[in-house]
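Be aware that the sequence shown starts at 4, since it is given in our numbering, and climbs by one per residue.
Heads up, the beta-carbon is just placed ideally off N, CA and C, and yes, glycines get one too.
Values in this document were obtained by computation on a predicted structure and should not be read as measured data.
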Amino acid sequence: MNSTALDKFGPKKADHPSVGKPCPACGKNFTAGNYTTLVTLGPGDDKKRQERARSGRAYSAVAVEVHWACATGQTVN
Ligand SMILES: [Zn+2]
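This is how it looks when you write it as structure tokens:
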């Protein structure tokens, strides 16, 4: 995986909507100060997006937020 293609977000502020929600990769809650990224999953169950994905065209992908380290193995700071 080419981690340089990922956007690094953070440090997360205490009032960020995902603070207190679990990271899907490790199950630990996001906390203030975390660095995260969005990992693309695919077209989801949207028929038009699936069509576009099958034909190799660009589409808006479903993505999930995970800790930066969970996506890349890289520690922050
Ligand atoms: Zn995580």
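Sufficient close CB pairs (3 or more, under 8 Å) joining the segment 17–26 to the segment 53–64: no
Check: A3 C-beta below 8 Å from any heavy atom of ligand 1: Summary: the structure shown does not reach residue 3, with the chain confined to residues 4 through 80, and so no result is reported for it.
Whole-angstrom distance between R57 and L41, CA atom to CA atom: 22 Å
heavy atom of ligand 1 below 8 Å from H70 C-beta: yes
Cβ-heavy atom distance, K15 to ligand 1, below 8 Å: no
Ligand 1 heavy atom lying under 8 Å from the CB of K31: yes
Residue span of the alpha helix (DSSP H) that contains T75, given as start and end: 71–75
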